[in-house]
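J.: In the working numbering, the protein residues as written are 13 to 400. Think of the CB as a built atom: it goes at the ideal place given N, C-alpha and C, for glycine as much as any other residue.
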């Protein structure tokens, strides 16, 4: 005998067979499960998402009552015990939940879509300025981070540089290299989220200009002095990122700009201050100077006495000179007779003998004709005293 299910309750049945025999009444109790009810706990994802991080730590947990277990929710659901089931590792988004029991009974009240919302993404704008100290040749880049989003107050950490604890949003450095700034907010700190890295553009610095020059001339190369009418070559050997420079030759001639190698002739003997002034990419201006002594281009002096007595001191006599290419020295006695002569660029001198014999004490005349490297011809003469 089949009978359709009635609403829950107690029912009485009487059975009569074909012989009119009556059996019963029979008492039947009909029951049904309680409606499926659900309690929902939502945990919003707390770590900010950036291209560098993809932390999904949101969750939806439901506690079920009523219905008939088991509840085939799917493999993504985790039974945490006490009829609680959780979806974990959720990112921001909309989620729909449908619960049925083993009898395919549904929720008494359907669950509306659940929306998980992540805190606003942390974004940052990085700016920088350069502070220049031309006196000490120090450039300092000042880096500032402006943070938006997230949940302030923020925790800011720089990978290097100098940071004032009272203002962690600013970092200063005078060293080139790669730097990053790491930012976390209150949600991230509480929930163990890693700080977000914001790399700075590679920091580079220009090189301060350091002016310097060399100078040379043929006369100076030959004998170490600069001469009147000597063509002197000045060469810029400055270092750094120099954008412009100017020569001042110290004799009132017009300045010369942005020519690395110049030549100049001084017409008057004297001391001149030659300066090279540079300006670099930072706008710093520096000056380098050298003192240049302009001479007649040679020196020659006639000594007036010597002592050729075989003591090893002052045994010969000759002119003292430099910058000469040829010197002719002649010695005459007081009667005007030539007793010694020598020619060369480096002469030995008279040793106080005449034809190999010691000359007498007394006065003699030295006559010198010399040619300097710069072409000057010098004629000198003077008395010489021989003392034994």
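#1: Going by beta carbon distance, what residues of the same chain come within less than 7 Å of residue 399, once the five residues before and after it are set aside?
#2: Contact between the stretch 78-86 and the stretch 112-121 is defined here as three or more beta-carbon pairs at a separation below 8 Å; is this criterion met?
#3: Using DSSP with H/G/I as helix, E/B as strand and the rest coil, what is residue 234?
#4: Against chain B, with Cβ distances strictly below 7 Å, would residue 99 count as a contact?
#5: Around the Cβ of residue 187, are there at least 16 other Cβ atoms within 10 angstroms (buried) or fewer (exposed)?
#6: Taking 7 Å as the cut-off, decide whether the C-beta atoms of residue 220 and residue 140 are in contact.
#7: Quick check: what's the CA-CA separation for residue 278 versus residue 142?
#8: Is the Cβ-Cβ distance between residue 342 and residue 379 less than 7 Å?
#9: My guess is that residue 309 and residue 260 are in contact by the Cβ rule of under 8 Å, so how many angstroms apart are they, rounded?
#10: Looking at the secondary structure, which residues open and close the alpha helix (DSSP H) in which residue 202 lies?
#11: Between 44, 46, 28 and 32, which lies nearest to residue 38 when the distance is taken from Cα to Cα?
#12: Within its chain, find whatever has a CB closer than 6 Å to the CB of residue 262; leave out the 5 residues flanking it on each side and keep chain order.
#13: Tell me the rounded alpha-carbon separation between residue 391 and residue 382.
#14: In the structure shown, what three-state DSSP assignment does residue 182 receive?
#15: Can you tell which of 104, 364 and 183 has the C-alpha that lies nearest to the C-alpha of residue 327?
#16: Which residue or residues does DSSP assign as beta-bridge partners of residue 168?
#17: Does the stretch 292-301 come close enough to the stretch 203-223 to have 3 or more Cβ pairs within less than 8 Å?
#18: By the three-class DSSP mapping on this structure, what secondary structure does residue 94 have?
#19: Within 10 angstroms of its Cβ, does residue 166 collect 16 or more other Cβ (buried), or is it exposed?
#20: So residue 57 packs on residue 104, CB below 8 Å; how close in whole Å?
#21: Could you tell me the alpha carbon to alpha carbon distance between residue 227 and residue 280, rounded to whole angstroms?
#22: So, with DSSP's three-state summary, where would you put residue 26?
#23: Please say whether residue 99 and residue 401 have beta carbons closer to each other than 7 Å?
#24: May I have the straight-line CA-CA distance separating residue 150 from residue 209, to the nearest angstrom?
#25: Using CA coordinates, which residue listed in 159, 203, 144 and 138 is at the minimum distance from residue 191?
#26: If you reduce the DSSP assignment to three classes, tell me which class residue 376 lands in.
#27: When we look at the beta-carbon of residue 199 and count the other beta-carbons within 10 Å, is it buried (16 or more) or exposed?
#28: Just tell me which of 339, 255 and 250 has its CA closest to the CA of residue 301.
#29: Grab the span of the beta strand (DSSP E) containing residue 300 for me, first residue to last.
#30: When the Cα atoms are used, what is the spatial distance from residue 335 to residue 311?
#31: Give the secondary structure of residue 340 by DSSP, where H, G and I count as helix, E and B as strand, and everything else as coil.
#32: Going by C-alpha distance, which of 376, 288, 369 and 55 is nearest residue 347?
T.: Once the coordinates are examined:
#1: These residues qualify, in order along the chain: 317, 319 and 373.
#2: yes
#3: Residue 234 falls in the helix class under three-state DSSP.
#4: This model lacks chain B altogether; it includes just one protein chain.
#5: exposed
#6: no
#7: 44 Å
#8: yes
#9: Actually they are not in contact, since the Cβ atoms of residue 309 and residue 260 sit about 24 Å apart, beyond 8 Å.
#10: 198-202
#11: 28
#12: 284, 285 and 286, listed in sequence order.
#13: 7 Å
#14: strand
#15: 364
#16: 195
#17: yes
#18: coil
#19: buried
#20: Right, their Cβ atoms sit about 6 Å apart.
#21: 18 Å
#22: strand
#23: What the structure shows of the chain is the stretch from 13 to 400, and residue 401 is not part of that stretch, so it cannot be assessed.
#24: Annotation: residue 150 to residue 209 spans about 28 Å, alpha carbon to alpha carbon.
#25: Nearest to residue 191 by C-alpha distance, out of 159, 203, 144 and 138, is 138.
#26: strand
#27: buried
#28: Residue 250 is the option with its Cα nearest to residue 301.
#29: 297-307
#30: 7 Å
#31: DSSP places residue 340 in strand when its eight states are reduced to three.
#32: 376
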